[in-house]
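**Q** Below are the structure tokens for one structure; questions will follow.
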């Protein structure tokens, strides 16, 4: 057996004269009998191997990684074929093609049949091919994933035939070719950051990749954005550049990939968006101090980032507002806070150029507490007699606190305004004893001053009385009558005077400050008269007493014969 290489395409190979003569004879006979086949349209390239017309066509997805089908058809062109045998047939494909499978007239497994690398063939099953008959097989392959656009791939055929007594392999190389189309590319645009600031650089990146296959596109990308056209080379599938924007707004980005070789790659376009906003600012507010009393001051300081930002800071707190220009990245304001509570201080930055910088703000709280007050209570006099006027005074510290003081004493409620830190009330108590005093300060500015309380006491003594006793006459003879008179001061006091003479008591009511009675003196000698005043209201008035002496002359008698002092007149005022 021999193997022949046949150039492609070529005219049909000549047979032996005997074969040609026999073929012509059989063909004529077939025409007479109506056995000649009709012509069939074929695609691809055609060549002749012995009596066979061999057609090889290719179809499919002619791209990297695409699937292609080689259709091999061998037709016996002789009308009458004696012992024309097709033992094997197959295709020789380019290196790197992956065999996927075969359909059609092929019996058994596909192999190289000893015909070398990249040959795929097999037994057609029915080897005898009569005149006009044919065998067809479809071989499927995958193009290499790293195939380059513009690459030309050629394939050939191989057949082992036997015509009469000759059995040979015949090969036709490069019978059919196809060109890999320019590979489709894809361009994807990314923007970092997606939200940009005026004056800050923005990175525009285009990732260029192959839609099919594993190769990486080469070339350049032109970025069109906001009137700018920026070009960057594609390196390892990435093209990157930076852009700066001077105005805010939404900026569309168009990235156009231009391949280094138009036969290898197709152009592609990607889009993206840059959202350009004013440059962000940050306001940081600090307070000094952060806890104060009513009436104290705080200093609010706002620091701006970036420090180059210009404009004003508006400070507000507790109904107060100050608008301060920013100098060197700072603005400062001072406030006096006169009401208590937790106060929020707000610092809001207003940029001089809103297109360049954003607004920003910050807030902090300051604790404003009421001012405390203290109170001391004093009484003048601290010990008084019943009915005597007393002054009760509350001293408030600090002196500028204003309001009223409520005093509670002996069931009474008295109020007085605070003037220059003092509040005083006047009263009198008519019952002796020690009385507690409570005083409560209530501020007329409760959010500024806290209230306070104090206590004191006053001692009330009974009002003193004076009793003066007189006797008339002071000298009397034995058996004589003596008038005893007690004068009580004050004259308005009511009560009883008890006169005691020689062990005997005589009672007399006090009327308009005077109590009087008469007694008989039965015995000679000096007798002491003691007068004790007992007030009707012992809680209001104190008792008092006095004494006097009666001189009785002569000798003792019976004083009326009874041996007593005699009759008592006016002892009870009757």
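Residue numbers (full-length UniProt numbering): 1 to 574. Every residue gets a Cβ at the ideal spot worked out from N, C-alpha and C, and that includes glycine. Note that the coordinates shown come from a computational prediction; the quantities given were computed from them, not determined experimentally.
What are the partner residues of residue 288, as DSSP defines its beta bridges?
**A** DSSP output for residue 288 lists 299 as bridge partner(s).
**Q** On the criterion of 16 or more Cβ atoms from any shown chain inside 10 Å, does residue 108 qualify as buried, or is it exposed?
**A** Residue 108 should be labelled exposed.
**Q** Is it buried or exposed for residue 323, if we count other Cβ within 10 angstroms and need 16 for buried?
**A** Counting Cβ neighbours within 10 Å, residue 323 comes out exposed, since fewer than 16 surround it.
**Q** Three-state secondary structure (DSSP) at residue 342?
**A** Three-state result, residue 342: strand.
**Q** For a quick check, are the C-beta atoms of residue 460 and residue 431 less than 8 angstroms apart?
**A** A contact, by the Cβ cut-off of 8 angstroms.
**Q** Report the CB separation of residue 208 from residue 187 in whole angstroms; it is logged as a contact under 8 angstroms.
**A** About 5 angstroms; that satisfies the 8 angstroms criterion.
**Q** The ligand COA and residue 371: does any heavy atom of the ligand fall closer than 7 angstroms to the residue's C-beta?
**A** Looking for the ligand COA in the displayed structure turns up nothing, as the structure carries no ligands at all.
**Q** For residue 510 and residue 421, what's the separation of their Cα atoms in angstroms?
**A** Spanning the two alpha carbons is a distance of roughly 49 angstroms.
**Q** Got a sec? Which residues, its chain only, sit under 8 angstroms from residue 100 by beta carbon, not counting five neighbours each side?
**A** Closer than 8 angstroms at the Cβ level, and outside the excluded window around residue 100, lie 67, 140, 141, 142.
**Q** Which of the three DSSP states is assigned to residue 441 in this structure?
**A** Looking at residue 441 - three-state DSSP - the assignment turns out to be strand.
**Q** Relative to the alpha-carbon of residue 532, which residue among 526, 484, 366, 445 has its alpha-carbon at the smallest distance?
**A** When each option's Cα is compared against that of residue 532, the closest is 484.
**Q** Rounded to the nearest angstrom, what separates residue 136 and residue 74 at their Cα positions?
**A** Cα to Cα, the separation comes out at about 6 angstroms.
**Q** Starting from residue 325 and walking both ways along the beta strand (DSSP E), at which residues does that stretch end?
**A** It spans 320-325 - the beta strand (DSSP E) in which residue 325 sits, taken as one unbroken run.
**Q** Taking only the alpha-carbon atoms, compute the straight-line gap between residue 147 and residue 71 and give it to the nearest angstrom.
**A** Cα-Cα distance, rounded: 22 angstroms.
**Q** Quick check on DSSP: helix, strand or coil for residue 417?
**A** Note: residue 417 maps to strand in three-state DSSP.
**Q** For residue 84 and residue 123, I'd like the C-alpha separation in whole angstroms.
**A** Computed Cα separation, rounded: 15 angstroms.
**Q** Buried or exposed, going by whether 16 or more other CB atoms sit within 10 Å of the CB of residue 425?
**A** Flag for residue 425 reads buried.
**Q** Identify, in the order they occur along the chain, each residue of the same chain with its Cβ nearer than 8 angstroms to the Cβ of residue 321, setting aside the five sequence neighbours on each side.
**A** Cβ within range, chain order: 314, 315.
**Q** Do you know whose CA, among 417, 206, 275, lies nearest residue 238's CA?
**A** Considering only alpha carbons, the answer is 206.
**Q** Taking Cβ to Cβ, would you say residue 465 is nearer than 8 angstroms to residue 535?
**A** Yes, they are a contact pair.
**Q** By DSSP, does residue 127 sit in helix, in strand, or in coil?
**A** Three-state result, residue 127: coil.
**Q** Grouping DSSP H, G and I as helix and E and B as strand, with all else coil, what is residue 312?
**A** It is a strand residue.
**Q** Which residues bound the beta strand (DSSP E) around residue 389?
**A** Residue 389 -> beta strand (DSSP E) spans 389-397.
**Q** Can you list, in chain order, the residues of its chain whose CB lies under 7 angstroms from that of residue 388, leaving out five sequence neighbours each side?
**A** Correct list, in chain order: 428.
**Q** Mind pulling the alpha helix (DSSP H) runs of 4 or more residues that sit fully within the stretch 52-77?
**A** Counting whole runs of 4 or more residues, the stretch 52-77 contains no alpha helix (DSSP H) stretch at all.
**Q** I need the DSSP call for residue 212, collapsed to helix, strand or coil.
**A** Coil, per DSSP.
**Q** Among the candidates 129, 110, 128, whose CA atom is the shortest distance from the CA of residue 120?
**A** Nearest of 129, 110, 128 to residue 120, Cα basis: 110.
**Q** Nearest CA to the CA of residue 300: which residue from 405, 336, 309?
**A** Among 405, 336, 309, the Cα nearest to that of residue 300 belongs to 336.
**Q** Can you name the start and end residues of the beta strand (DSSP E) that residue 85 belongs to?
**A** Its beta strand (DSSP E) spans residues 84-92.
**Q** State the Cα-Cα distance for the pair residue 397 and residue 363, rounded to the nearest angstrom.
**A** Going from the Cα of residue 397 to the Cα of residue 363 covers about 35 angstroms.
**Q** Using C-beta distances below 6 angstroms, list every residue in its chain close to residue 539, excluding the 5 sequence neighbours before and after it, in chain order.
**A** Only 431, 432 meet the Cβ criterion.
**Q** Measuring straight from C-alpha to C-alpha, what distance separates residue 275 and residue 345?
**A** Looking at the two C-alpha atoms, the distance is approximately 33 angstroms.
**Q** Is it the case that the stretch 401-418 contacts the stretch 439-457, given that we only count it when at least three CB pairs across the two stretches are under 8 angstroms?
**A** Result yes; three or more Cβ-Cβ pairs closer than 8 angstroms.
**Q** Give the DSSP-derived three-state secondary structure of residue 504 in the structure shown.
**A** Of the three classes helix, strand and coil, the one that applies to residue 504 here is strand, per DSSP.
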